[in-house]
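Colleague:
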Amino acid sequence: MLRQMLISGLLMIAAAANAAAAEPDSTHSSETMTETITLGGGCFWCLEAVFDELKGVTRVESGYAGGHVANPSYEAVCTGTTGHAEVVQITFDPRVVSRDTILKVFFTIHDPTTLNRQGNDVGEQYRSVAFYRDDAQKASIEKAIADAGAEYSDKIVTQIVPFTQFYKAENYHQEYFKLHGTQPYCQLVVAPKVAKFRKIFHDQLK
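For the record, in the sequence shown the residue sitting at position 103 is 103 according to the working numbering, with numbers rising by one throughout.
#1: Determine the DSSP secondary structure at I37, reduced to helix, strand or coil.
#2: Out of Q118, A150, I141, R59, state which residue places its alpha-carbon closest to the alpha-carbon of F101.
#3: Taking only the alpha-carbon atoms, compute the straight-line gap between A85 and Y64 and give it to the nearest angstrom.
#4: Spatial neighbours of T58 within its chain, please: C-beta separation below 8 Å, excluding the five flanking residues on both sides.
#5: My assumption, with CB atoms under 8 Å, is that F131 sits in contact with F163. Please give the rounded CB distance.
#6: Tell me which residues share the same chain as A17 and place their Cβ nearer than 8 Å to its Cβ, disregarding the 5 neighbours each side in the sequence.
#7: If you follow the beta strand (DSSP E) that V88 is part of, which residue opens it and which one closes it?
#8: Who does G226 pair with in a DSSP beta bridge?
#9: Using DSSP with H/G/I as helix, E/B as strand and the rest coil, what is P192?
#10: My output table needs one value for T58: the three-state DSSP class, helix, strand or coil.
#11: Return the CA-CA distance between V122 and G40, expressed in angstroms with no decimal places.
#12: Beta carbon of R127, beta carbon of Q159: below 8 Å?
#13: Which same chain residues end up closer than 7 Å to D154 when comparing Cβ atoms and leaving out the 5 residues on each side of it in sequence?
#14: Nearest to K196 by alpha carbon, out of H110, E175, G80, T81?
#15: Under three-state DSSP, which class holds D121?
#16: Going by the CB atoms, is the gap between Q118 and V77 shorter than 8 Å?
#17: Which residue wins for smallest C-alpha separation from Q89, given the options K178, V50, T81, V60?
#18: Whole-angstrom Cβ separation of Y167 and W45, contact assumed at under 8 Å?
#19: When the Cα atoms are used, what is the spatial distance from Q137 to R99?
#20: Within the same chain, show all residues whose beta-carbon is closer than 8 Å to that of K178, passing over the 5 residues directly before and after it, in chain order.
#21: In whole angstroms, what is the alpha-carbon distance linking L188 and K143?
#22: Beta carbon of Y126: closer than 7 Å to some heavy atom of the ligand ZN?
Dropping the structure here:
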C-alpha cells in the first residue's frame, strides 16, 4: 500500500515519461566480455539498489519480463493481468564477479520461499523467478537453488524460465533508491536489504 501511494505521486510528476522500450536479447557481449542475466525477486527497486553496489556489475536496469503483453506499463503490470514479473536485468563482467556470486546475492537478499510475494508486496509480479539465456545459465540457477535450499526451512518456489524479452521500466523507476532513499518505502523495505547485502558481501562492494 505504501509503495502504491508513492507510485501514484510519481505518476503525476512523471506523466510525460517515455513508454517502456524492449531490450534486445543479448547474453554475452564479445566486445566487452560481459554477461547479462535477468532476475525477479519482489520490488525491482530492492534488487537494483543491491546489484548497483556489487563489484563487477556494469549495468542494472529495472523492468518487466515473463509476460504476454508487449511494452507493458507499470500500471498494467500492477493489475496482475499481463503475466510479467518486476525484474532487474544485470550486466556483469565474469572476470570480476562470477555468475555464481550474482545468484548467491540474489538468493540472499530476497525470500525465495514465498509464492507471489515479498513481504507486504503481494501479486504475481512479485514472484521469485530467474530467466536463463543458455544452458550454462540454467545449470547455474539450478545449482544456486540447490545451494540455497540449505539456508531455508521452507521449499524454494523460484521459477526457472527461458528468457524471451525484457522491457525496461519507466524512467522514474531507474535508480530509485539512489534518488529517493529517504522515502518511507525505501527506508522500511529497500534499506534493510541493502544493509544485509553490505554486511554479508562487504568484500565485494564497489
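Positions of the beta carbon are idealized from the N, C-alpha and C atoms, including for glycine.
Because the structure is a prediction, the values reported are computed rather than measured.
Modeller: From the atom records:
#1: strand
#2: The question names Phe, yet the displayed sequence has Thr at residue 101. Measuring from the Cα of T101, the nearest candidate turns out to be I141.
#3: 6 Å
#4: T32, T34, T91, F92, D93
#5: 4 Å
#6: Confidence is the limiting factor: at A17 the pLDDT is only 43, short of 50, which leaves the residue's position unreliable and the question unanswerable from this model.
#7: 85-92
#8: The structure shown does not extend to residue 226, since the chain spans only 1 to 206, so no value can be given for it.
#9: helix
#10: strand
#11: 14 Å
#12: yes
#13: T113
#14: H110
#15: strand
#16: no
#17: V60
#18: In fact, because the Cβ distance is near 17 Å, the residues do not count as touching under 8 Å.
#19: 8 Å
#20: A49, D52
#21: 31 Å
#22: Summarising the ligand content, the structure contains no ligands, and the ligand ZN is consequently not present.
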